[in-house]
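Undergrad:
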Amino acid sequence: MSEPSLPTSQSSTAKQSGLFIVIEGIDGTGKSTQAKRLGEWLASQGREVVLSREPTAGPWGKKVRESAATGRLSPEEELQYFLNDRRQHVEELIAPSLAAGKVVILDRYYFSTMAYQGARGFDPAEIRRKNEEFAPVPDLLLIMDLDVDSALERIGARGDTANEFEKRENLERCREIFLSLKDEGFVRVIDTRGTLDEVAARVREAVGSHLV
Ligand code: TYD
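In my numbering, the protein residues as written are 37 to 248.
Following this line, the structure appears as structure tokens:
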């Protein structure tokens with residue numbers, strides 16, 4: 037179920053410990069592109085990189101993805117499916133990769149549950165607590181930030197006024213929850229305005245300063 041694996045190469049230096057980097061943000065902030073570019077950059081420096089994402093391609097992840105087309109699950113079910121998906125992801129890919137000293141880069145993790153299921157009415161702090169019972173806290177959390185109007189423009193969101201308003205409100209709330217984490221020591225907020233190259237440079241800078 038993993039979607040890992042950029043080309044990797046062995047480091048010639050002493051064994052390095054695992055590094056866990058998570059990339060989060062609302063839809064349209066360019067997470068996936070930047071996760072991939074960061075992975076390539078770290079691999080070019082001789083780190084063994086595992087790139088993965090949530091929801092995963094596993095059975096629980098599939099069910100939540102399908103629900104986007106077939107009708108949204110109840111809030112309780114949806115939350116539970118994301119937790120089940122993550123538990124499996126941690127057990128099968130994240131924990132073993134970190135234990136083997138690899139760099140793990142995730143495109144979405146439990147901060148997305150705090151934001152999106154938080155926006156659906158659950159308490160973000162409670163969601164966090166539930167996740168941290170089994171999910172390792174990353175070394176570095178990059179929050180890809182963009183105002184909601186620009187994000188909606190980027191994903192070309194359409195729909196009637198009411199729907200778009202709903203979606204806008206929802207994403208505003210998600211963004212707010214992500215940004216509520218900004219002062220924690222392991223968090224860096226990345227401004228995603230500008231070109232992909234400019235944003236990639238900001239990401240590398242944040243990771244580089246974290247690595248030293
Ligand atoms: P997304 O990363 O956009 O996947 P894709 O590019 O395949 O559509 O994730 C799908 C949606 O799932 C996204 O809108 C955010 C949502 N999501 C949650 O609501 N809770 C979660 O815990 C996670 C990981 C994602």
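Here a beta-carbon is modelled for each residue, glycine too, at the ideal position from N, C-alpha and C.
Determine the direct distance from the alpha carbon of GLY75 to that of ARG204, and round the result to whole angstroms.
TA: Position 168 of the sequence shown, counting from 1, holds the residue named residue 204. Position 39 of the sequence shown, counting from 1, holds the residue named residue 75. Roughly 31 Å between the two C-alpha positions.
Undergrad: I believe VAL86 touches LEU129 by the beta-carbon criterion, under 8 Å. Please report the beta-carbon distance rounded to the nearest angstrom.
TA: Within the sequence shown, the letter at position 50 stands for residue 86. Within the sequence shown, the letter at position 93 stands for residue 129. Correct: roughly 7 Å between the Cβ atoms.
Undergrad: Answer yes or no: do GLY137 and SER53 have a C-beta to C-beta separation smaller than 8 Å?
TA: Within the sequence shown, residue 137 is the residue found at index 101, counting from 1. Within the sequence shown, residue 53 is the residue found at index 17, counting from 1. Taking 8 Å as the Cβ cut-off, GLY137 and SER53 qualify as a contacting pair.
Undergrad: Ends of the beta strand (DSSP E) at VAL332?
TA: As shown, the chain starts at 37 and ends at 248. That puts residue 332 outside it, with no answer to give.
Undergrad: Can you say whether LYS67 is buried or exposed, counting buried as having 16 or more other CB atoms within 10 angstroms of its CB?
TA: For the purposes of this step, residue 67 is identified with residue 31 of the sequence shown, where counting begins at 1. LYS67 is buried by the Cβ-count criterion.
Undergrad: Keeping to the same chain, check which residues put their C-beta closer than 7 Å to that of ALA187; ignore five residues upstream and five downstream.
TA: Within the sequence shown, residue 187 is the residue found at index 151, counting from 1. Scanning its chain for C-beta atoms nearer than 7 Å, with the 5 sequence neighbours on each side dropped, one finds around ALA187 the residues ILE62, ASP63, GLY64, THR65, LEU207, in chain order.
Undergrad: Near the ligand TYD, which residues have their beta-carbon less than 5 Å from any of its heavy atoms, given in chain order?
TA: GLU90, PHE118, ARG144, SER148, THR149, TYR152
Undergrad: For the segment 79 to 98 against the segment 143 to 153, are there 3 or more C-beta pairs whose distance is under 8 Å?
TA: yes
Undergrad: Excluding the 5 residues preceding and the 5 following LEU78 in the sequence, name in chain order all residues of the same chain whose CB lies nearer than 6 Å to its CB.
TA: Counting from 1 along the sequence shown, the entry for residue 78 is found at position 42. Result list for LEU78: VAL85, VAL139, in chain order.
Undergrad: Check each candidate in ALA131, LEU182, VAL126 and name the one with the smallest Cα separation from GLY230.
TA: Residue 230 sits at position 194 when you count from the first residue of the sequence shown. Cα-wise, what sits closest to GLY230 is LEU182.
Undergrad: Using a Cβ-Cβ cut-off of 8 Å (strictly less than) and excluding sequence neighbours within five positions of GLU114, which residues of its own chain qualify?
TA: Position 78 of the sequence shown, counted from the first residue, corresponds to residue 114. Excluding sequence neighbours, GLU114 sits near VAL100, SER103, ARG108, GLN153, ARG156.
Undergrad: For the alpha helix (DSSP H) that contains LEU134, what are its first and last residues?
TA: Taking the first residue of the sequence shown as position 1, residue 134 is located at position 98. Where LEU134 is concerned, the enclosing alpha helix (DSSP H) stretches over 131 to 135.
Undergrad: Pick out the complete alpha helix (DSSP H) segments inside the segment 59 to 138, 4 residues or longer, and give them in chain order.
TA: 67 to 80, 95 to 106, 111 to 125, 131 to 135
Undergrad: So ASP175 is in the alpha helix (DSSP H); what residue range does that whole segment cover?
TA: Numbered from its first residue, the sequence shown carries residue 175 at position 139. Looking at the DSSP string, ASP175 is not in any alpha helix (DSSP H), and its letter there is neither H nor E.
Undergrad: Who are LEU55's beta bridge partners in DSSP?
TA: Numbered from its first residue, the sequence shown carries residue 55 at position 19. DSSP, once it has assigned bridges, lists VAL139 as partnering LEU55.
Undergrad: Which class does ASP268 belong to by DSSP, given the choice of helix, strand or coil?
TA: Residue 268 falls outside the range modelled here, since the chain spans only 37 to 248, and no answer is possible.
Undergrad: Indicate the three-state DSSP secondary structure (helix, strand or coil) for ASP185 in the structure shown.
TA: Counting from one through the sequence shown, the residue named residue 185 turns up at place 149. Three-state DSSP puts ASP185 in a helix.
Undergrad: To which residues of the same chain is THR149 closer than 6 Å at the C-beta, ignoring the five residues directly before and after it?
TA: Residue numbering aside, residue 149 sits at position 113 when the sequence shown is read from its first letter. Residues PHE118, ILE163 of the same chain have their beta carbon placed closer than 6 Å to that of THR149, with the five preceding and five following residues left out of the count.
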